[in-house]
Every structure is written in structure tokens, then in C-alpha cells.
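**Student:**
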Amino acid sequence: MPLLSCENLTKSFSGKVAVKSLSFSMMSGESVALIGPNGAGKSTALSMLTGLLRPDHGCAVIDGYNAAENPKEIRKRIGVLFQEYTLDEHMSAKRTLELHAALYGVRRREVPSLVSEALQWSELEAVKHQKVGTLSGGMKRRLEIARAALHKPSLLILDEPTLGLDPKSRIDLWDRIETLKMKGTAVLLTTHILREAESCERIGILSEGEIIAFGTKNSILAEYSKHPNESFQDVFLYLTRQNDSDEIKTRFPKLIRTKSA
Amino acid sequence: MIRGSAFFAPVDGATIHVVRILWMREVLVFLSDRSQLLGALSRTFLWLIILGFGLGATLREIEGYTYSQYILPGVMVLNILFASLQSAFGIIADRKFGIFRQVMVSPTSSLTLTLGKLSGAATVSLIHGAVPLLFAPIIGISFPLENLLLILPVMFLLSFGITGIGLIIAVRVRGFLSFGAISNGLIQPLYFLSGAIFPLKGIVGGIGFLDIPGTLRDELRNHGVYAISGGWIVELPYWLEVIVKANPISYFLDILRQLILNFSQLNQEVAVYCCLFAPCLGWICASIALGVVRRG
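Order-wise, the sequence lines are chains A and B. The first sequence begins at 37 in this note's numbering and counts up by one. The second sequence begins at 969 in this note's numbering and counts up by one.
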């Protein structure tokens, strides 16, 4: 039985379709990346899965619970990382984790060990009493992921987890996400960095609110590449270029030549 | 629609723990940003000291109290109104940038979120409201300390109610910039039409009463004597009196004035009902507001 199953999720804002008939599923412990250009509907899709947005049509089932009918059960089973920082700058790292534990109903006797484990995982033990506002961007992001994973969710939903981080912090953070994946936590993420997406087991390419390709990196390459030397980036740009082909031609003249060859 | 469970869900130990944590979060944010108190201090100084002594020089006495003494409970209410709406409007930033988005995707019940948010915000507003009380000895007000056991809960209930009402307004507006317009459009009428700065009836501008010994003054007040010579009798236009009496804030103010100055002008029974009704209304408003936020 899949851990997450979406069927025909659709959401419109003021008549404009943001997500159209989104359907995919993922198994426990699996990692799936949703990629696509800005405005493709990635964040809207995640918001529907986290219960922050109600879909106009369709449903999402996580661990056997329908997101619309059992939001509380769904919320217990997921950990969420938003694109923007959602930290209280005035609170310490330790208190931030303790607050999260309380919100997720973690038993009080388990809180100290889980908080300590999260601080160690995120390497924030030394600054645990410092106000979050004084931490670097990388530290804040590590804290947010540690917080999202604190209550041991079956599914981690990460909306552009490495956004705004320098290369070192990005690699460091990605390594940590890998450790969570190895522990069996399923990870659903959105990203603009194709290398990050490529390291996930399956990839969904979104364009204008629709999934236009879904599968492993190799299966997508096999299905959509027109040339044996085409990289995943080439295929991605090819699939998502519909409305901005002029821009792609300008910015990647070589790529377009390769495609037309 | 509010789900019944939001109102009637059992309050267990875990719920109380989360409420305590959310309450603590609001208080911690306030303590970390003490500049918030600046508004409360400056309002108190402007109204109580500048306006109080400035207008007090002309009005002399209002029913045997200096103007500063008379408006002190009103300044407390004003601070509460501002702080409560400010806390409520904080949800706009919290939704966009703050921890509230994280809170909203947690399995915590709406009941718990409402209790935590309201009680924390009400505590912060209470602190703002208590600032003018620090000036009480300076302007010659003394009241039995045990009255604080009633003053503080009344302030808390008012804060609770206004924060809840503020939340339902806050979730409907687009940005924090609306705070100025809404707070002025809401707070000022509520404040000016509460009898905070002018009495409903009585003798104003009398002379001599304040010059007699305090013990004799209290004795005379117990006999209903508030002035001994001069002054004029206040007679508000009927429509204004009706509005003041229809304004629930007037009753909170009146009950505070009774506890602080031993002086009341409105029906105290109605005041007690207001104290009970306002938090209920705030609770309903906050539940709806947080439900709206949660459902997106």
C-alpha cells in the first residue's frame, strides 16, 4: 500500500488553475522530487498535502487517511518544511524544538531525548540556547529540518529545502536529508536544483499545474530524450519550455541547437 | 462553520501543556522585544501627565478627582485596546513569515491553538494595561491592594475579548499596513465613547474639594458628596449618553474606575455581564479566525 496517494488534486485561484489533476503515489521510505519552473504549482501541491489548502477536486491519502477527512491524523504523520523560514527569531533553538514537540503531542518524558537527538543531528548543540535570530541561514535551515523530523513522521514534505543557502550549507543540508532517507523516512520535496532532484528515487516534472513526466531519472530520460547524449537538464528544459522557448533559445543557444539536431 | 469538537473537546493534561507552551511563546516574544512597551509608556505619559495636567488645570475637579485621576482607568483601557489589536494583527506576519504556519500544520486542535493564542496575547495586553497603574501613586491615587485581585482579571477578560475580535478582523485584511487604519477606526470610537475622558454626569470644575484632607474627602464621598463649591453640572446630549451606555467598553472602564477610584457611573450588574460576555465573544471570533487560517 502506498504511503501517499494523490488522485486528481486540483486547485484554482480566481479562475486560474494552479494545480490540475495531480495524481501520483509514493511508498514508505521513498524519495520523490517535484520539479518545475516557477509557478508550475509545486508549492500549491504541497500546501494541499499539508492541509493548508483545500483542493477544489480530488483527494490525497496518507498512510490510509484522507487528508480532507482526517487532517489531524495526516498532520501527525507528516513533517513540513516551508519554503520561507517559519522560526521565531526570539526563541532559542532548544525552545523551538520543545514547542514543536508539544504541538505534535510528543510525550513529555520523551521530549528531552528527542530534542537532544535533533540538536545533535543538526549540529546545533553548541548554540542551543542562542536566539534563532542570531543563527546563520544554514543553521536555521538545519534547525527547521530537525524540527520537521523531530516527531518521527513517516513522510517529510520539504518545500525547496536548500533555497537561499550557500553551496557548502546546501551540500551539508542535503547530506542530512540523505541520513533521514536512510532511516526510512519518505521524503517529498520540491527543488529548482536538478542535481538534488536526480538524487531522489523518482521525479515528477510539473508544468503549468500538471505533471508532465513522472518516474525515475532513467525512465524519464529513456522516454523523453531524443539524443543519447542529452542530460536530464536538457530533457527538463525541453519538457518545460512551452511558453518560454524564446528565453531558452537566448540563454541556451547551444542546447536548442542540440535539440533541433 | 465551526466544528462542535472545537468547542467541546475535552481539555486534558496534554492540552493544558500545549496551551502553556503557546502562552509562553507569546510572552517570550513580548519579553524579547520590549520596545512594544514603549507605546504603552508613551500613551500613558501623554494622556495621564500631559493631557491630565494640561486639561486638569482648567477642569480642576471631576466629581472630586483630578483630571489625571479620572482618566487613569481610561488610559489602562486604551493600552489594552491597542495591545490586544496589535497582538491580533501579529497573526498576519505570523501567517506569512512566522511560526504560525508551522503551528497550523501540526495536529494540535483548534481549541488548543485558540486558548494558547488568546491567553498569551491577553497576558501581554494585561501588562500593557497595567503600565498606567504604576503612575497611580504619582497622581495621588491609592486603592486597597486586594482590589488588584479583581482589577487584573477584569483587564484580562477585556484583553481576551478584544484580541479575539481583533483576530477575526486580522484574518480578513491583506496586510499589516491596515493595522493603522483599523486600529484608529475601531479603538478611537470605542475609547472616546466610553466615558474615558468625560463623565456621564456629575459636577466638573469644582474647587476646594481636593484641598481638604484625604480622610474627610473619602468620608464625604461615602455620603455622595463630590464637590463643595463652584463647578458646573455635566449634562451629556441624550444621543451621546445612549451611545456611551451601549458601548461595552464603557462597562469595563466603569468597573475598573469603581475598583481604582471607588467611583462608578454605570449599572454594575451590566458591567459584570459585559465581563462575562466579552471573552465568550472573543473566543467565538478567535475560533472562527483560526479555523479560517487553518483551512486556507
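Note that the Cβ used here is the ideal one computed from N, Cα and C, for glycine as well.
Apart from the five residues just before and just after A:Glu-109, which ones in its own chain have a Cβ nearer than 7 Å to its Cβ?
**Tutor:** Excluding sequence neighbours, A:Glu-109 sits near Tyr-101.
**Student:** Given this structure, state the Cα-to-Cα distance separating B:Phe-1057 from B:Leu-1135, to the nearest angstrom.
**Tutor:** Approximately 7 Å, taken between the alpha carbons.
**Student:** Return helix, strand or coil for A:Tyr-260, following the three-state DSSP convention.
**Tutor:** It is helical.
**Student:** When DSSP builds the beta bridges, which residues end up paired with A:Gly-240?
**Tutor:** For A:Gly-240, which the question treats as bridged, DSSP gives the partners A:Leu-70 and A:Phe-250.
**Student:** Around the C-beta of A:Ser-128, are 16 or more other C-beta atoms found within 10 angstroms, so that it is buried, or is it exposed?
**Tutor:** It counts as buried.
**Student:** What residue range is occupied by the uninterrupted alpha helix (DSSP H) comprising B:Met-1123?
**Tutor:** Its alpha helix (DSSP H) spans residues 1116-1138.
**Student:** Alpha carbon to alpha carbon, what distance is there between B:Ile-1137 and B:Leu-1016?
**Tutor:** Each residue's alpha carbon lies about 30 Å from the other.
**Student:** Using only CA atoms, which one of A:Glu-43, A:His-126, A:Ser-64 and A:Glu-66 lies nearest to A:Lys-56?
**Tutor:** It is A:Glu-43.
**Student:** With a cut-off of 8 Å, does the C-beta of A:Gly-100 fall near any C-beta of chain B?
**Tutor:** Cβ-Cβ to chain B under 8 Å: no for A:Gly-100.
**Student:** Classify B:Val-1210: buried if its beta carbon has 16 or more other beta carbons within 10 angstroms, exposed otherwise.
**Tutor:** The residue in question, B:Val-1210, is exposed, as its Cβ has fewer than 16 Cβ neighbours within 10 Å.
**Student:** State yes or no: is the beta carbon of B:Asp-1001 nearer than 8 Å to at least one beta carbon in chain A?
**Tutor:** Yes, because at least one Cβ of chain A sits closer than 8 Å to the Cβ of B:Asp-1001.
**Student:** Kindly indicate if chain C contains any beta-carbon less than 8 Å away from that of B:Leu-1258.
**Tutor:** The structure shown contains no chain C; its protein chains are A and B.
**Student:** Cβ of B:Phe-1111 within 8 Å of Cβ of B:Ile-1228?
**Tutor:** Cβ distance < 8 Å, so B:Phe-1111 and B:Ile-1228 count as in contact.
**Student:** Whole-angstrom Cβ separation of A:Gly-179 and A:Leu-160, contact assumed at under 8 Å?
**Tutor:** It should be noted that the sequence gives Leu, not Gly, for residue 179 of chain A. About 6 Å separates the two Cβ atoms, so the contact holds.
**Student:** Is DSSP giving A:Met-175 helix, strand or coil here?
**Tutor:** Helix, per DSSP.
**Student:** Contact defined as beta carbons within less than 8 Å: I believe B:Val-1139 pairs with B:Val-1260. What is the distance between those atoms, to the nearest angstrom?
**Tutor:** Their Cβ separation, rounded to whole angstroms, is 5 Å, which keeps B:Val-1139 and B:Val-1260 in contact under 8 Å.
**Student:** Ignore the nearest five residues each way along the sequence and tell me which others in B:Ala-1104's own chain have a CB closer than 8 Å to its CB.
**Tutor:** Excluding residues within five positions, the ones whose Cβ falls inside 8 Å are Leu-1040, Ser-1110, Phe-1111 and Ile-1228.
**Student:** Could you give the uninterrupted runs of the alpha helix (DSSP H) lying entirely in the region 1160-1235 of chain B, keeping only those of 4 residues or more?
**Tutor:** Counting whole runs of 4 or more residues, the region 1160-1235 of chain B contains the alpha helix (DSSP H) stretches 1182-1190, 1206-1214 and 1216-1229.
**Student:** Where do the N-terminal and C-terminal ends of the alpha helix (DSSP H) with A:Asp-211 fall, by residue?
**Tutor:** Start and end: 203-218.
**Student:** Show which residues of chain B have a CB atom less than 8 Å away from the CB atom of A:Arg-298.
**Tutor:** Residue 298 of chain A lies beyond the stretch modelled for chain A, which goes from 37 to 297, so this question has no answer here.
**Student:** For A:Gly-94, report the span of its beta strand (DSSP E) as first-last.
**Tutor:** Segment 93-98, the beta strand (DSSP E) holding A:Gly-94.
**Student:** If I follow the unbroken alpha helix (DSSP H) through A:Thr-170, where does it start and stop?
**Tutor:** Segment: none, A:Thr-170 is in no alpha helix (DSSP H) and carries neither H nor E.
**Student:** Applying a beta-carbon distance threshold of less than 8 Å, which residues of chain B neighbour A:Met-62?
**Tutor:** Residues of chain B passing the Cβ test: none, with the nearest at roughly 19 Å.
**Student:** Take every Cβ of the region 1153-1163 of chain B, pair it with every Cβ of the region 1068-1086 of chain B, and state whether three or more of those distances are shorter than 8 Å.
**Tutor:** The region 1153-1163 of chain B vs the region 1068-1086 of chain B: no contact.
**Student:** Under 7 Å, CB to CB, which of the residues in the region 1068-1081 of chain B have a partner in chain A?
**Tutor:** Hits within the stretch, in order: Arg-1069, Gln-1070, Val-1071, Met-1072, Val-1073, Ser-1074, Pro-1075 and Thr-1076.
**Student:** When the Cβ atoms of the region 1144-1158 of chain B are set against those of the region 1177-1197 of chain B, are three or more pairs found closer than 8 Å?
**Tutor:** Because the criterion of three Cβ pairs below 8 Å is not met, the region 1144-1158 of chain B and the region 1177-1197 of chain B do not touch.
**Student:** Rounded to the nearest angstrom, what separates B:Ile-1223 and B:Ser-1232 at their Cα positions?
**Tutor:** B:Ile-1223 and B:Ser-1232: Cα-Cα distance of roughly 7 Å.
**Student:** So, with DSSP's three-state summary, where would you put A:Leu-139?
**Tutor:** Note: A:Leu-139 maps to helix in three-state DSSP.
**Student:** Using three-state DSSP, classify B:Val-1260 as helix, strand or coil.
**Tutor:** Correct three-state label for B:Val-1260: helix.
**Student:** Determine the closest residue to B:Val-987 out of B:Tyr-1038, B:Gly-1088, B:Gly-1024 and B:Leu-1118, with distance taken between C-alpha atoms.
**Tutor:** Closest by alpha carbon: B:Gly-1088.
**Student:** Mind listing the chain A neighbours of B:Ile-1059? Cutoff is C-beta to C-beta under 9 Å, in chain order.
**Tutor:** Residues of chain A passing the Cβ test: none, with the nearest at roughly 14 Å.
**Student:** Just to confirm before moving on: does the CB-CB distance between B:Gly-1032 and B:Arg-1185 stay below 8 Å?
**Tutor:** Yes.
**Student:** Go through its chain and collect everything with a Cβ distance to B:Val-995's Cβ below 8 Å, but skip five positions before and after it.
**Tutor:** Correct list, in chain order: Gly-1088, Thr-1091 and Val-1092.
**Student:** At least one CB of chain A closer than 8 Å to the CB of B:Arg-993: is that the case?
**Tutor:** Closer than 8 Å to some Cβ of chain A, the Cβ of B:Arg-993 qualifies, so yes.
**Student:** Is A:Ile-239 buried or exposed, if buried means 16 or more other CB atoms sit within 10 Å of its CB?
**Tutor:** Answer is buried; the Cβ neighbour count reaches 16.
**Student:** Would the beta-carbon of B:Leu-1125 fall within 8 Å of that of B:Ala-1246?
**Tutor:** Yes; because the gap between Cβ atoms is below 8 Å, this pair is in contact.
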